[in-house]
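Visitor:
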Amino acid sequence: MEEKSESEGTEASRKRPASPFPALEVTTIGLAGALVLVVGAALALSQVARVLMAVELVLSLGVVALVLALRERRRRELGEAQARAQQLEQRLRQTEEIALTDSLTGLWNSRHLHTQLPSEISRVKRRALALSLLLVDVDGLKVVNDRFGHATGDLLLKHVGAVLKEGLRPSDMVGRWGGDEYLALLPEAGKADALAVAKRLRSRLEQFQLKVDKDVLPITVSMGIATYPVDGEEAEDLFQKADAAMYLAKRRGSSHISVYAGPAGGQRKRVGEYLMELGVCTVEQMEEALQFCLESSKKGEDLAIGEALVRLGYASGGEVEQALALQARDRQRASP
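First residue of the sequence shown? That's 42 in my numbering, and the numbers climb one at a time after it.
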């Protein structure tokens, strides 16, 4: 049966008539093949385009990620650089503070005060203001060191420095000037203001007593005051005047305050000291009277210290006249 079917198919094909347009048939087949190729190529190109788009997307995302990573790295490096710069600046400040700070008391040292005083003088000069120096000397420090040791003396110096710093205004500056000396710069403070500050500091120091075993040590200081511009317009000159006033206070004994009176005030000071010896006034009252005379002289009024004491209410006219009469009599007896 199978052999018969095959033979019949062959015969049928032989009996099919030939195409009248053989070339057209070939062309159609060729076009179909070309169309298949074009469609295939188009599909291939579409796939390639998709692949390229995918690659482009991946590359774009990669570029964005790279840019973001670089930005993050730059931000981190910048932050680290800023942190290092801040640390370096802090170390420099600490080094500078160590170089300008007294290691025992934590106050400014004399080097810093030497630098700041001319600057402060220039500042108040531009504004036509006053400036006072307060030189403080701790009484009896050598005795404390010899008797109780330098550790106790250091403790005393620390406490004095702390009291001075706490008792001054934020605009003031205080430092350790020498072994047992402190120097305070009081901007925009005249003699009267500086004297009030000195009294307040002295009172605070006297309220404290240093206890060493069974001994109780009172704390006293001697202070000298000089003021710009009446006592000097240069830093060194001003300090010398404050130093002279401080030594005058020490000669009077412990816990005294002396205001520099200047050459013109020498006679008034001698009379004032005589009145003080006679009990007409205290040291502080005499200093205030000298300052009163100085301020009055700026207004064209030439006051004697006795008259200043009377005006301030520290003495009566009779007491002053009696004391001055005694002084005149003593001078006559002393003269040849």
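Every residue gets a Cβ at the ideal spot worked out from N, C-alpha and C, and that includes glycine.
#1: Let's see if you can read the secondary structure: which residues bound the beta strand (DSSP E) around R217?
#2: As an exercise, report each continuous beta strand (DSSP E) stretch of at least 3 residues that is fully enclosed by the segment 260-342, in chain order.
#3: If I266 and L236 are in contact, beta carbons under 8 Å, what's the gap, nearest whole angstrom?
#4: Mapping DSSP to helix, strand and coil, what is K232?
#5: Output the boundary residues of the alpha helix (DSSP H) element that contains S163.
#6: In terms of alpha-carbon separation, which member of A349, Q250, K199 lies closest to L5?
#7: Beta carbon of I436, beta carbon of A239: below 8 Å?
#8: Are T379 and V262 closer than 8 Å when you measure CB to CB?
#9: For T142, write down the residues that DSSP places opposite it in a beta bridge.
#10: For F333, I'd like the list of residues in its chain whose CB is within less than 8 Å of its CB, leaving aside the five on either flank, ordered along the chain.
#11: Report the three-state DSSP secondary structure of D195 (helix, strand or coil).
#12: Where does S357 sit, in a helix, a strand or coil, going by DSSP?
#13: Please identify the residue among A169, R168, A286 whose C-alpha is closest to the C-alpha of L224.
#14: Take the Cβ of T156 as the centre, count every other Cβ of all protein chains shown within 10 Å, and call the residue buried at 16 or more, exposed below.
#15: Express the C-alpha separation of D272 and K282 in angstroms, rounding to a whole number.
#16: Using 8 Å for Cβ pairs, my map puts V300 next to G347. What's the rounded Cβ distance?
#17: Would you tell me roughly how many angstroms separate the C-alpha atoms of G208 and R243, rounded to the nearest one?
#18: Across which residues does DSSP place Q250 in a beta bridge pair?
#19: Please name the residue, chosen from E229, V104, E222, V204, that lies closest to Q248 on a Cα-to-Cα basis.
#20: Work out the CA separation of E118 and S144 for me, nearest whole Å.
#21: For V108, count neighbouring C-beta atoms within 10 Å of its own C-beta (all shown protein chains included) and say buried if the count is 16 or more, exposed if not.
#22: By the three-class DSSP mapping on this structure, what secondary structure does D221 have?
#23: Using only alpha-carbon positions, find the residue among E275, S296, E318 that is nearest to S163.
#24: Give the C-beta separation of A230 and S151 to the nearest angstrom, bearing in mind that I take them to be a contact with Cβ-Cβ under 8 Å.
Guide: This is what the structure gives:
#1: One-based indexing of the sequence shown puts residue 217 at position 176. If you look at R217, you'll find it in the beta strand (DSSP E) that goes 214-217.
#2: Secondary structure within the segment 260-342: the beta strand (DSSP E) runs of 3 or more consecutive residues, fully enclosed, are 262-269, 298-300 (chain order).
#3: Counted from its first residue, the sequence shown places residue 266 at position 225. Counted from its first residue, the sequence shown places residue 236 at position 195. That belief holds up - the Cβ atoms of I266 and L236 are roughly 6 Å apart, short of 8 Å.
#4: The residue given as residue 232 occupies position 191 in the sequence shown. DSSP places K232 in helix when its eight states are reduced to three.
#5: For the purposes of this step, residue 163 is taken as residue 122 along the sequence shown, with counting starting at 1. Boundaries of the alpha helix (DSSP H) around S163: 151-167.
#6: Any question about residue 5 goes unanswered here, given that the chain covers just 42 to 377.
#7: Nothing about residue 436 can be read from this structure; the chain reaches only from 42 to 377.
#8: Outside the shown range of the chain, which is 42 to 377, sits residue 379, and nothing can be said about it.
#9: Taking the first residue of the sequence shown as 1, we reach residue 142 at position 101. Per DSSP, W149.
#10: Taking the sequence shown and counting its residues from 1, the one referred to as residue 333 is at position 292. Cβ contact annotation for F333 (same chain, cutoff 8 Å, sequence separation greater than five): L344, A349, R352, L353, in chain order.
#11: Counting from one through the sequence shown, the residue named residue 195 turns up at place 154. Looking at D195 - three-state DSSP - the assignment turns out to be helix.
#12: As a first step, residue 357 must be located in the sequence shown, where it is residue number 316. The three-state secondary structure of S357, taken from DSSP, is coil.
#13: Here residue 224 is taken as the residue at index 183 of the sequence shown, counted from 1. It is A286.
#14: Taking the sequence shown and counting its residues from 1, the one referred to as residue 156 is at position 115. Classification of T156: exposed, given that the 10 Å Cβ count is below 16.
#15: Taking the first residue of the sequence shown as 1, we reach residue 282 at position 241. Taking the first residue of the sequence shown as 1, we reach residue 272 at position 231. Looking at the two C-alpha atoms, the distance is approximately 7 Å.
#16: On the sequence shown, position 259 is the one that residue 300 refers to. On the sequence shown, position 306 is the one that residue 347 refers to. Contact flag wrong, Cβ pair sits at about 18 Å.
#17: For the purposes of this step, residue 208 is taken as residue 167 along the sequence shown, with counting starting at 1. For the purposes of this step, residue 243 is taken as residue 202 along the sequence shown, with counting starting at 1. G208 and R243: Cα-Cα distance of roughly 10 Å.
#18: As a first step, residue 250 is located in the sequence shown; it is residue number 209 there, counting from the start. Q250 is bridged to P259.
#19: Within the sequence shown, numbered from 1, the residue matching residue 248 stands at position 207. Relative to Q248, the option among E229, V104, E222, V204 whose CA is nearest is V204.
#20: Residue numbering aside, residue 144 sits at position 103 when the sequence shown is read from its first letter. Residue numbering aside, residue 118 sits at position 77 when the sequence shown is read from its first letter. Rounded to the nearest whole angstrom, the C-alpha separation of S144 and E118 is 38 Å.
#21: Residue 108 sits at position 67 when you count from the first residue of the sequence shown. Exposed, because fewer than 16 other Cβ atoms sit within 10 Å of the Cβ of V108.
#22: Here residue 221 corresponds to residue number 180 of the sequence shown, with the count starting at 1. In the structure shown, D221 adopts coil according to DSSP, grouped into three states.
#23: The residue given as residue 163 occupies position 122 in the sequence shown. Closest by alpha carbon: E275.
#24: Sequence index remark: in the sequence shown, residue 230 carries index 189 (1-based). Sequence index remark: in the sequence shown, residue 151 carries index 110 (1-based). Taking the Cβ atoms as the reference, A230 lies roughly 21 Å from S151, outside the contact range of under 8 Å.
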